[in-house]
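What follows is a short report on a single structure.
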Amino acid sequence: MRDEGLDRAIDAVGGVARLARKIGISQPSVSNWGKVPAQRVIAVEAATGVSRNQLRPDLYRESSLSEPIDPIDAARAQEYAFLAALLSAAPSKELLDQLAALNTDTTPLGRAHAVLADTAARAVPAQIEREYFDLFVGLGRGELLPYASYYLTGFLNERPLSRLRADLAALGIERVENKFEPEDHAAILCEIMSGFASGQFEATADAQRAFFETHVVSWMGLLFADMERAEGADFYRAVGGLGRLFIEIETDAFTFAN
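Heads up: the sequence shown is residues 1237 to 1494, going by my numbering.
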């Protein structure tokens, strides 16, 4: 039996098949869900416009945190969540509207937000869906392969994925049943970093830094740089610019905190 949050998401897009297509997984996988898996919440929110609080109130209700989140960590969690949503599927009209309304300022990150906001404001969802497909899916393979194993070894499903799975198990973060993508997909790693920043996933500061240094900074900045240069990128060129800069800021922050 499906829970209320999953039913809302399915109704919002017009059926199980459409939801599965929007988040890039098979229809049988979604059909087997009783509720939205924790690592799919952000992608489903982006695809349907149904808030994470409605999709999984057990994970995202305000009272679930033992103490208030630091404003900087809240901003970090939101930044990672946006990147996770954009890397997991082409953005919905609702997510594009959120991106178009991003706060901007004269800092480098603020200017990157302004570029993305402007790009989102003039974007055509159907064109971005095609761009996402060409960049990350393709017929056989996309222009880019957003996996740690590929960037670190040149092959998929290699040692970096095994090490990631071991580290996730040590942190108590479980693999979601019927999950389509391996855990070293950039979207999933951004979701995990968002979970650390928001307090959804409990981990010490040292553990978070070690995870970032091992599984994120070692390759993800290169992915975002490749997105900026990708022949088929337009909207995702702006995403790449924002992502590359944000990873640089995170790297400096973790270094100074050491």
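Think of the CB as a built atom: it goes at the ideal place given N, C-alpha and C, for glycine as much as any other residue.
Remember, it's a predicted structure, so these values are computed and weren't measured experimentally.
Coarse secondary structure for residue i, derived from DSSP in three states
i     : result
A1253 : helix
F1372 : helix
Burial state of residue i, where buried means 16 or more other Cβ atoms lie within 10 Å
i     : result
T1342 : exposed
R1480 : buried
I1428 : buried
D1420 : buried
Q1363 : exposed
A1402 : exposed
I1308 : exposed
P1396 : buried
S1302 : With a pLDDT of 46 at S1302, under the threshold of 50, the modelled position of that residue is not reliable, and the figure given next carries that caveat. Classification for S1302: exposed.
S1430 : buried
R1276 : buried
Distance between residue j and residue i (C-alpha atoms, nearest Å)
i     : j     : result
L1425 : P1382 : 11 Å
R1473 : L1338 : 17 Å
R1445 : M1463 : 25 Å
A1405 : G1435 : 17 Å
A1422 : L1319 : 9 Å
D1306 : M1456 : 25 Å
Q1334 : V1351 : 14 Å
A1384 : L1371 : 16 Å
R1377 : L1400 : 23 Å
D1243 : A1493 : 43 Å
G1251 : G1374 : 24 Å
S1267 : A1433 : 31 Å
E1467 : L1458 : 16 Å
E1240 : P1264 : 19 Å
S1287 : T1491 : 34 Å
F1447 : T1440 : 11 Å
R1465 : E1438 : 36 Å
Supposed close pair residue i, residue j - CB separation, criterion 8 Å
i     : j     : result
A1353 : A1336 : 5 Å
W1269 : R1292 : Not really, about 12 Å apart at Cβ, beyond 8 Å.
G1260 : F1460 : Contact flag wrong, Cβ pair sits at about 19 Å.
A1321 : L1331 : 6 Å
A1248 : V1272 : Incorrect: roughly 12 Å between the Cβ atoms, too far for contact.
I1278 : A1313 : Their Cβ separation, rounded to whole angstroms, is 10 Å, which puts I1278 and A1313 out of contact at 8 Å.
Worksheet item: Are the segment 1396–1416 and the segment 1475–1492 in contact at 8 Å, needing three or more beta carbon pairs?
Response: no
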